[in-house]
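Chemist: Here my numbering is used: position 4 in the sequence shown is 4, and no number is missing along the way. Where a beta carbon is used, it is the ideal one built from N, C-alpha and C, also for glycine.
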Amino acid sequence: MSRNFWNRRRDTGTDAGPARRRTRPLPLPLQVMRKVLFLCLRRPGLRPGPGRRNDSPCTPRQSFLYGLRPRPEDRRLAGWALRLILLCCALPAVLPSPDAVRAADAPPVAFCPSGTVTLILPDGAQSPVYGLYEATAKAFREELFLDLKPEIRAGRGGGRALNRLLEEKADGCFLGVLQFPSFVFQANLRDRLYDDAAIAPAAVAASVPNALWVAESGPLRTLDDFVAAARAEAGKGETRLVVAGAGSYTDQHLATLQLERAAGISLSYLPLLGAAESAEAARTGKAAACWGYAVPAALMPGLRPLAVAAARRSRLRPDTPTFQETGRNVLNEAWFGLGIRASAPESVRARCVESLAPVMRNATLRADLTALGFTPAADAPDTAGARRLIERLREEALRLSADYSLIPRQERRTGRLGSAAP
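Here it is as structure tokens:
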């Protein structure tokens, strides 16, 4: 079929009609589209030709083969159909996407002018804290249309991460992970890396209990076996059974003291950089056991829990007893939240708290945290409830620090937080 198919009979004075002025042919794709539309939309036309009258009926196939010029009414119908098709093709490029509509309707987030928020993490990618970050980042995109970028600063029980937060500008674009009670313990040290008054809690995310983990291939099968091994090790002389944990003067350091008092044993606590290092120490035999959160076994490969430091069994490990069920009263739970620099403008801090409320309410975030073994905070969306919870966690941390003499006298600082433990 030639490019001048539609103009073929217009240029001749044959039985198709008088001669007409030659017109510029349409581009080939439009010619093909027009031909298809004519074949689909026109009624049976007329086929002129030798031996046939002009009013002889013909089929659309014959019309296509013989190149009959469509009737005016069919041409107008096909033209409107072509316009409709082109309009439908152009609408997706013109209309905004659903995400763009949601972003336009979402309230502006004023606490971070750059549009990218950095969350400073106290532990690495192999820790449950990183799983907490990934779930929070997903909720940030869904609720605030912001990217949440991680920055890992492990060490000193979360002190290095919060010290890094205080080094940045107070513009709201940097958030820190607050881990209670370690947040209070670290601020109570003489050589502290941060002042807790310089960090304002902005949201409370979830809590998770600690558990005592041992090597899956090791000889210790129950908590009674662990207690018996600790007593046997202490009877040999100066050596004591080693238990690894994340940092000194943290919730896991406190859990070791609680277990010593509840079971009447002596242990040696080995502070390491983070959860991954303490788990590796238990796997390789450098430590007899390690403290870790009651999370899925996939996050603690090669290890199995002996007991959970909670009032009830973990949903993810229903076969693992609690310490209380074995006759040892050990309750140790870590709470996680988000904090911003207290020196940020009041409007920025208020906007940060207001914007984080829907993030903490996000159904996907709460489901992801539950799958990781965390318990989402019931008071997280309520600002007043979150403040009451934070104050309760502060008071409880100070009480536990004093009851178990977690921080030696020479390591304590004087002041508002340090005066709780004489």
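Counting Cβ pairs closer than 8 Å, one from the stretch 296-316 and one from the stretch 327-337, do we hit at least three?
Modeler: Flag = yes, the stretch 296-316 and the stretch 327-337 touch.
Chemist: Please look up how many angstroms separate the CB atoms of L146 and V117, rounded, as I've assumed it's under 8 Å.
Modeler: Right, the Cβ-Cβ distance comes to about 6 Å (below 8 Å), so this counts as a contact.
Chemist: At the level of alpha carbons, what is the spacing between P209 and G292?
Modeler: Answer to the nearest angstrom: the Cα atoms are 9 Å apart.
Chemist: Can you give me the Cβ contacts of S405 inside the same chain, cut-off strictly under 7 Å, excluding the 5 residues immediately before and after it?
Modeler: Nothing meets the Cβ criterion.
Chemist: Mapping the DSSP letters down to three states, classify Y66 as helix, strand or coil.
Modeler: Any reading at Y66 is ruled out, since the residue's pLDDT is 47, under 50, leaving its predicted position unreliable.
Chemist: Thinking C-alpha only, which one of R83, R141, T222 is nearest T326?
Modeler: Comparing Cα positions, the closest option is T222.
Chemist: Between the alpha carbons of G264 and L299, how many angstroms are there, rounded?
Modeler: Those two C-alpha atoms are separated by around 31 Å.
Chemist: Take every Cβ of the stretch 227-242, pair it with every Cβ of the stretch 357-372, and state whether three or more of those distances are shorter than 8 Å.
Modeler: Cβ pair count under 8 Å is below three, so no.
Chemist: If we call anything under 8 Å between Cβ atoms a contact, is V177 one with L365?
Modeler: Going by C-beta atoms, V177 is not nearer than 8 Å to L365.
Chemist: So who's on the other strand from E151, going by DSSP bridges?
Modeler: Note: E151 sits in a beta bridge opposite I120.
Chemist: Judging by CA-CA distance, which residue of A279, P181, A139, L175 is the nearest neighbour of I407?
Modeler: Comparing Cα-Cα distances from I407 to each of A279, P181, A139, L175, the minimum goes to P181.
Chemist: DSSP three-state label for R83, please.
Modeler: Helix at R83.
Chemist: Spatial neighbours of E168 within its chain, please: C-beta separation below 6 Å, excluding the five flanking residues on both sides.
Modeler: Taken in chain order, the residues that qualify are F174.
Chemist: Can you say whether D319 is buried or exposed, counting buried as having 16 or more other CB atoms within 10 angstroms of its CB?
Modeler: D319 comes out exposed.
Chemist: Please work out which residues of its chain come closer than 6 Å, Cβ to Cβ, to L257, disregarding the five sequence neighbours upstream and downstream, and give them in chain order.
Modeler: Y404, listed in sequence order.
Chemist: State buried or exposed for R83, treating a residue as buried only when at least 16 other CB atoms are found within 10 Å of its CB.
Modeler: With fewer than 16 other Cβ atoms within 10 Å, it is exposed.
Chemist: So, is A139 buried or exposed, given that buried needs 16 or more other C-beta atoms within 10 angstroms?
Modeler: The residue is buried, with at least 16 neighbouring Cβ atoms inside 10 Å.
Chemist: At which residues does the beta strand (DSSP E) containing E333 begin and terminate?
Modeler: It spans 333-341 - the beta strand (DSSP E) in which E333 sits, taken as one unbroken run.
Chemist: DSSP on S127, reduced to helix/strand/coil?
Modeler: Of the three classes helix, strand and coil, the one that applies to S127 here is coil, per DSSP.
Chemist: So does the stretch 279-288 actually touch the stretch 188-201, counting three or more Cβ pairs closer than 8 Å?
Modeler: Judged by Cβ distances under 8 Å, the stretch 279-288 makes no contact with the stretch 188-201, as fewer than three pairs qualify.
Chemist: Buried or exposed: where does L86 fall if 16 or more other Cβ atoms within 10 Å of its Cβ makes it buried?
Modeler: Exposed is the call here.
Chemist: Closer than 7 Å by C-beta to R423: which residues in its own chain qualify, once you throw out the five before and the five after it? Chain order, please.
Modeler: Outside the shown range of the chain, which is 1 to 422, sits residue 423, and nothing can be said about it.
Chemist: Give me whichever residues DSSP pairs with G290 in a beta bridge.
Modeler: The amino acid at residue 290 is misidentified as Gly; the sequence shows Cys. According to DSSP, which records beta bridges pairwise, C290 is partnered with W213, A244.
Chemist: My output table needs one value for I265: the three-state DSSP class, helix, strand or coil.
Modeler: Of the three classes helix, strand and coil, the one that applies to I265 here is coil, per DSSP.
Chemist: Identify whether L175 lies in helix, strand or coil by the three-state DSSP scheme.
Modeler: Three-state result, L175: strand.
Chemist: Which word fits W213, buried or exposed, when buried means at least 16 other C-beta atoms lie within 10 angstroms of its C-beta?
Modeler: W213 is buried by the Cβ-count criterion.
Chemist: Report all residues from its chain with a CB closer than 6 Å to the CB of G158; omit the five preceding and five following residues, and keep chain order.
Modeler: Excluding residues within five positions, the ones whose Cβ falls inside 6 Å are P122, Q179, S182.
Chemist: Got a sec, what are the start and stop residues for the beta strand (DSSP E) P358 sits in?
Modeler: P358 -> not in any beta strand (DSSP E); alpha helix (DSSP H) instead, spanning 346-361.
Chemist: Distance, Cα to Cα, R156 vs P92?
Modeler: R156 and P92: Cα-Cα distance of roughly 53 Å.
Chemist: Give me whichever residues DSSP pairs with T375 in a beta bridge.
Modeler: In DSSP, T375 forms a bridge with S207.
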